[in-house]
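I have placed the structure first, in the form of structure tokens, so that the comments after it can refer back to it.
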Amino acid sequence: MRAERTGLFVVTCALISIGIIMIYSASAIYAYERYQDSFYFLKRHLMYLGVGFLAMMATLAFPYRKIRYFAKPFLLTSIVLLLLVLISPLGKESGGASRWFRVGPFSFQPSEAAKIAFFIYLADILSRKKNDLDDFIHGFLPPLLVLGVIILLILLQPDLGTALTFAVVTLLMLFLAGVRLRYLLMTLASFLPAFLFLILTKPYRLRRIIAFLDPWQDPQGSGFQIIQSFLALGSGGLSGVGLGQSKQKLFYLPACHTDFIFSIIGEELGLWGTLAVLFLFVLFSWYAFQMLRRVQDRFGRLLGFGIASVMTFEALVNIGVTCGAIPTKGLPLPFVSYGGSALVFNLVGVGLLLNISRYGMESSSVFSSNILEAGENYFVPKSLRFQIWRKKG
């Protein structure tokens, strides 16, 4: 366990270090052009990084089980913040979206805090109601209604990528907790028409889908960003054009230090650089799930699974977008992309994972949890190294 905690922390620091280097490389020219300070984004990133490490240390300072006593207050606070960002004068609109609070030079994205708060609540309620999960009204419906409220507030910002993250990870946690498969399939079946409605009723989302299918239909419009990302990745070759030598960052590729930083890594460090980053994320997920399989506390196990799944999902989506494998979503690359709130709360998530690993193991080292009902038998994927066992009683 200690070796895995050390590995997770080292991998996190490696990703952060790559992020620091690439953020400066990708943003220096743009920062000098706009703010007359080539270190503008780097300094702000380092400031948020310091806040994030302090928050991570604070998270490690006490056993995680105490957090569940604050699950509902944290959840209510996050819902209030999601509402206030839409109606408060402190809410900052950027690119047609109202996702941030702005106070002086500082900004805060409440949806990032809501991720931690909601998954603490979800892990708590799934732990307390483990014997009621077969009951649709009393066990399954309450967390789904709370999820609906949060997704609605996030969609009003609008932020479909974050809303999708909430939905996917929630369904995975419900599946892991032992909710009946037919309930999950019913929920998924109801989500799909709503998802199509959200795409078809917003022209810019529909344009993103069209650009994903064929970006060269509109190379100067909806397909511009993904084409520039292809050019960056393609021009890097195996070993890259050299650190700091990217051409796409010269005002060609939008958001090159945030959502599309992986493209600049591919251009400057080549295929080997992108594979190194991908390998680090695989290691991160492996260490996280290896730790969690030994955790005996149901609350800690579910919370850790939710946090690790969020980071893994966001990394997959970000890399998939830059490679053109999925339509464009505004999700940053965890620990690597420039960003304040995302970086801080990702580090809080790492603190929780380390905390759960430290305090969640009691006597046994087996991660046994029923996640799929098939008559009286339950099984779990080998990829997570769960044990097959039979439901008793």
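My numbering puts the sequence shown at residues 957 to 1349. Quick reminder that beta carbons are idealized off the backbone N, C-alpha and C, glycines included.
In this structure, the beta-carbon distance from residue 960 to residue 1246 falls below 8 Å.
Ranked by Cα distance from residue 1257, the options 1267, 1071, 1244 are led by 1244. Of the candidates 1017, 1005, 1289, the residue whose Cα lies closest to the Cα of residue 1271 is 1289. The DSSP-derived three-state label of residue 1054 is strand.
If the five residues before and after residue 1276 are omitted, its C-beta is found closer than 6 Å to the C-beta atoms of 1282, all from its own chain and listed in chain order. Secondary structure within the segment 1012-1082: the alpha helix (DSSP H) runs of 4 or more consecutive residues, fully enclosed, are 1027-1043 (chain order). A residue is called buried when at least 16 other Cβ atoms come within 10 angstroms of its Cβ; residue 989 does not meet this threshold and is exposed.
Separation of the CB atoms of residue 1080 and residue 1123 is rounded to 19 Å, and the pair is thereby denied contact status at 8 Å.
Nearest neighbour of residue 1259 by Cα position, chosen from 1045, 1094, 1310, turns out to be 1310.
The way I'd put it, the segment 1104-1119 does touch the segment 1067-1082; three or more beta-carbon pairs between them come closer than 8 Å. Separation of residue 971 and residue 1292 (C-alpha to C-alpha, rounded to the nearest whole angstrom) is 6 Å.
The C-alpha of residue 1121 is placed about 10 Å away from the C-alpha of residue 1127.
Note on residue 1255: 16 or more other CB atoms within 10 angstroms of its CB, so buried under the neighbour-count rule. The Cβ-Cβ distance between residue 1135 and residue 1089 falls below 8 Å.
The C-alpha of residue 1183 is placed about 41 Å away from the C-alpha of residue 1015.
The Cβ atoms of residue 1262 and residue 1142 do not sit closer than 8 Å to each other.
Scanning its chain for C-beta atoms nearer than 8 Å, with the 5 sequence neighbours on each side dropped, one finds around residue 1047 the residues 1040, 1041, 1054, 1056, 1057, 1058, in chain order. The C-alpha of residue 1241 is placed about 8 Å away from the C-alpha of residue 964. For residue 1281, there is no enclosing alpha helix (DSSP H), since its DSSP letter is neither H nor E. In the structure shown, residue 1173 falls within a helical segment according to DSSP collapsed to helix, strand and coil. If you draw a straight line from the Cα of residue 1029 to the Cα of residue 1043, it comes to about 21 Å.
For residue 1024, the number of other beta carbons within 10 angstroms of its own is at least 16, and it is reported as buried. In the structure shown, residue 1252 adopts coil according to DSSP, grouped into three states. A residue is called buried once 16 or more other Cβ atoms fall within 10 Å of its Cβ, and residue 1018, having fewer, is exposed. By the C-beta criterion, the segment 1184-1202 is judged to be in contact with the segment 967-981, since at least 3 inter-stretch pairs fall below 8 Å.
Shown here, residue 1302 sits in a helix according to DSSP, grouped into three states. Residue environment analysis places residue 1301 among the buried positions, since at least 16 neighbouring C-beta atoms fall within 10 angstroms of its C-beta. Of the other Cβ atoms in all chains shown, fewer than 16 fall within 10 Å of the Cβ of residue 969; this residue is therefore exposed.
The C-beta separation of residue 1224 from residue 1189 comes to about 11 Å, leaving the pair out of contact by the 8 Å criterion.
Counting along the chain, the unbroken alpha helix (DSSP H) around residue 1184 starts and ends at 1180-1192.
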